[in-house]
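Each residue of the sequence shown is one higher than the one before, counting from 409 in the working numbering.
Below you'll find the structure, written out as structure tokens, and then a few comments.
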Amino acid sequence: MIPAVSMAKLFWRHGETSPARRRAAKAGITEDLLIDAFAVHTPTTRPARLPAERLFVIAGRGDRITPPEQAQALALHWSTNIRWFDGGHLAQVGRGDALRGVRRALGALDISGRTFRS
Numbered sequence: 409m410i411p412a413v414s415m416a417k418l419f420w421r422h423g424e425t426s427p428a429r430r431r432a433a434k435a436g437i438t439e440d441l442l443i444d445a446f447a448v449h450t451p452t453t454r455p456a457r458l459p460a461e462r463l464f465v466i467a468g469r470g471d472r473i474t475p476p477e478q479a480q481a482l483a484l485h486w487s488t489n490i491r492w493f494d495g496g497h498l499a500q501v502g503r504g505d506a507l508r509g510v511r512r513a514l515g516a517l518d519i520s521g522r523t524f525r526s
């Protein structure tokens, strides 16, 4: 839910106008360098261990902290759809509908929350 898929891209995006980013760039740090450094923490660098029907991406269309392109990258990598809600990272307006959809999908797979295993 609200996946931060690439910390490197998030750091680089949110720091666009910061003095720290200017200092990092001056020191030779680039977005590509950060992508390489954070690759171990990036779920799109390896295959999912579960089948696509057991994977869910839930994201807010209005999220400014973890923007929609982060969820889109994960959903594309996992070959699954995104369950969108209208709100954002903090004001998660409408997330109940997305979560109910996930519960229904899990119920159809006969997966209960108490016995959830990968």
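For glycine and all other residues, C-beta sits at the position ideal for the given N, C-alpha and C.
Which residues mark the beginning and the end of the beta strand (DSSP E) in which Phe-493 is found? One-based indexing of the sequence shown puts residue 493 at position 85. Unbroken beta strand (DSSP E) run through Phe-493: 490 to 493.
Look at the Cβ atom of Ala-481, then the Cβ atom of Thr-438, and state whether they are nearer than 7 Å. For the purposes of this step, residue 481 is taken as residue 73 along the sequence shown, with counting starting at 1. For the purposes of this step, residue 438 is taken as residue 30 along the sequence shown, with counting starting at 1. Result no, Cβ atoms of Ala-481 and Thr-438 do not sit closer than 7 Å.
Is the CB of Gly-504 under 7 Å away from at least one CB in chain B? In the displayed structure, chain B is absent; only one protein chain is listed.
If we ignore side chains and look at the alpha-carbon of each, how far apart do Thr-488 and Glu-461 end up? On the sequence shown, residue 488 is found 80 positions in, with the first residue counted as 1. On the sequence shown, residue 461 is found 53 positions in, with the first residue counted as 1. Going from the Cα of Thr-488 to the Cα of Glu-461 covers about 7 Å.
Which same chain residues, not among the five before or five after Val-500, have their C-beta less than 7 Å away from its C-beta? If you number the sequence shown from 1, residue 500 lands on position 92. Here residue 500 is Gln; the residue named in the question, Val, does not match the sequence. Here the set comprises Gly-468 and Phe-493.
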